[in-house]
Amino acid sequence: MHDLIVVPLDGSKLAERAIALAVPLAEQHGARLVLLTVQHPILPLISGGGVPVRDPALDHERRQEQERYLNKTTKRLAKQTGVPVEGRLVVGETAEMIAEAGASGASGLIVMTTHGRGGFKRFWLGSVTDRVVRRAQVPVLLSTGNRSTGTRQAGRPLFTHLLVPLDGSERAEMALRAARALLEGVPGRLTLAHVVHPMMALAATKRGRTPDQEIVESYLEPLSREMSGPTLTVDLATSVNATVPTALMELVKSSHAECIAITSQGAGRLQTFMVGGTTDKLMRTSAVPVLVCPATPEATDA
Numbered sequence: 174m175h176d177l178i179v180v181p182l183d184g185s186k187l188a189e190r191a192i193a194l195a196v197p198l199a200e201q202h203g204a205r206l207v208l209l210t211v212q213h214p215i216l217p218l219i220s221g222g223g224v225p226v227r228d229p230a231l232d233h234e235r236r237q238e239q240e241r242y243l244n245k246t247t248k249r250l251a252k253q254t255g256v257p258v259e260g261r262l263v264v265g266e267t268a269e270m271i272a273e274a275g276a277s278g279a280s281g282l283i284v285m286t287t288h289g290r291g292g293f294k295r296f297w298l299g300s301v302t303d304r305v306v307r308r309a310q311v312p313v314l315l316s317t318g319n320r321s322t323g324t325r326q327a328g329r330p331l332f333t334h335l336l337v338p339l340d341g342s343e344r345a346e347m348a349l350r351a352a353r354a355l356l357e358g359v360p361g362r363l364t365l366a367h368v369v370h371p372m373m374a375l376a377a378t379k380r381g382r383t384p385d386q387e388i389v390e391s392y393l394e395p396l397s398r399e400m401s402g403p404t405l406t407v408d409l410a411t412s413v414n415a416t417v418p419t420a421l422m423e424l425v426k427s428s429h430a431e432c433i434a435i436t437s438q439g440a441g442r443l444q445t446f447m448v449g450g451t452t453d454k455l456m457r458t459s460a461v462p463v464l465v466c467p468a469t470p471e472a473t474d475a
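Shown next as C-alpha cells:
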C-alpha cells in the first residue's frame with residue numbers, strides 16, 4: 174500500500190499525462206499526491222574569465238514562472254479529485270530531488286512519463302528517467318505518454334493485471350512485492366513470465382523435456398503457490414526467444430496484462446539476459462506502463 178505518490182512535472186503536456194495514472198492509484202491507496210517541479214540553477218555564459226556564472230535574476234524569473242504553473246496545475250487537479258494534492262517546488266539536481274521526494278513517505282511511489290519537452294526549456298529525454306530509476310529507493314511507474322491509458326469506469330482500479338518477468342534471481346523477484354503492493358486492496362492477477370533462450374531450450378530438448386516444463390515445475394509453480402491468495406490470482410507464462418524485451422511484449426499482448434513490473438536489474442541462475450538492458454528497452458518501447466522496482470531489499474521492505 175502506498176501512502177505517497179509523486180508526479181514530476183516539467184511544464185509539458187506530455188509530463189502531465191502521468192497524472193492520469195497517479196490519480197486513480199492515489200484514490201485506490203488513499204495516498205497523498207505531490208506534484209513536483211524541480212528548479213535547476215541556470216548557469217548562462219557571462220563574461221568573467223570564460224566561466225559560467227549563476228545569474229540570480231534569471232533564477233528568480235524562472236522560479237516565478239514555475240510557481241505560477243505549479244499553482245495553476247495543483248488547483249485544477251484539486252477540483253477534479255478528492256485525494257489530497259500538494260504542489261511542491263524544490264531546487265537542486267532534477268533526478269536527485271525526484272528520488273528524494275519519493276522516499277519522503279513511509280511507502281512512496283513515483284509516477285512519471287519517460288520523456289517530454291517542457292515549457293521551461295528542459296529536455297526530459299531518457300536521461301532524467303534513467304537517473305531517477307537508478308537512484309530511487311521506491312518503485313517508479315513509467316509511461317511513454319505516447320498512448321492513452323484508455324477509458325476507465327469510475328471506481329474501477331487502474332490496474333488489475335500485471336505481468337512480472339522473472340529470471341531466477343532474487344533481485345528480479347523483488348518486483349513481485351512491488352506488483353502485489355500496487356494491486357493491494359483490489360482483486361488482481363499476476364502473470365509470472367520467464368523467457369527461455371533458444372540455447373537453453375535446445376539443451377532441455379536433448380534431455381527429453383520441453384523448456385517450459387522445467388521452468389514451470391522447478392521455478393514458476395512454487396512461486397505461484399507462494400504468491401496466490403484470496404484476492405490474487407497467479408498465472409504462468411513462458412516464451413522461447415533470444416530477445417527478451419520482444420518476447421515480453423508478446424506475452425503482455427497475449428495475456429492482456431495492463432502493466433509490467435520489473436526490477437532495475439537482474440541476471441539470475443536460469444539465464445543472464447535480463448540485466449539493465451531489458452529494463453531500459455521496456456522503459457522506452459513498452460505499449461503499457463512499466464513499474465520499475467529498485468533492486469535493493471531495503472527499498473521493497475517499506
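Letter by letter, the sequence shown follows residues 174 to 475 in the working numbering.
Where is the CB? At the ideal position from N, CA and C, for every residue including glycine.
Contact check, S412 vs V369 under 8 Å by CB: the rounded distance? 7 Å
In terms of residue numbering, what span does the alpha helix (DSSP H) encompassing D408 cover? Counting along the chain, D408 falls outside any alpha helix (DSSP H), though it belongs to the beta strand (DSSP E) covering L405 to V413.
Whose C-beta lies closer than 7 Å to the C-beta of T322 among residues of the same chain, with five residues either side of it excluded? Residue placement at T322 cannot be trusted, given a pLDDT of 48 that sits under 50; what the coordinates show is reported in the next sentence. Correct list, in chain order: A193 and L194.
Taking the straight line between their C-alpha atoms, what separation do you get for T302 and G275? 14 Å
Separation of L365 from A420, as counted between CA atoms: 13 Å
Looking at H175: is its Cβ nearer than 7 Å to the Cβ of S316? In this structure, S316 does not lie closer than 7 Å to H175 by Cβ.
Could you tell me the alpha carbon to alpha carbon distance between V305 and I435, rounded to whole angstroms? 15 Å
Beta strand (DSSP E) segments (min. 3 residues) lying fully within the segment 178-255: 205-212
Test item: CB-CB of E431 and H334 under 7 Å: yes
What does a CB cutoff of less than 6 Å around H202 pick up in its chain, not counting 5 residues either side in sequence? M174 and H175
Any idea if M372 is buried or exposed, counting beta-carbon neighbours within 10 angstroms, 16 or more meaning buried? exposed
Run of the alpha helix (DSSP H) containing M174, from where it starts to where it stops: Premise fails: M174 is in no alpha helix (DSSP H) and is neither H nor E.
Do L339 and A345 come within 7 Å of each other at the CB atom, strictly closer than that value? Cβ distance < 7 Å, so A345 and L339 count as in contact.
Helix, strand or coil: how does DSSP classify R329 here? coil
Helix, strand or coil at A468 [DSSP, three-state]: coil
Between Y392, M347 and P360, which has its C-alpha nearest V465's C-alpha? M347
Which residues mark the beginning and the end of the beta strand (DSSP E) in which P338 is found? H334 to P338
Candidates R235, K248, R236 and L314, of which the one nearest V180 by Cα: Here the closest residue by C-alpha is L314.
So for L349, helix, strand or coil by DSSP? helix
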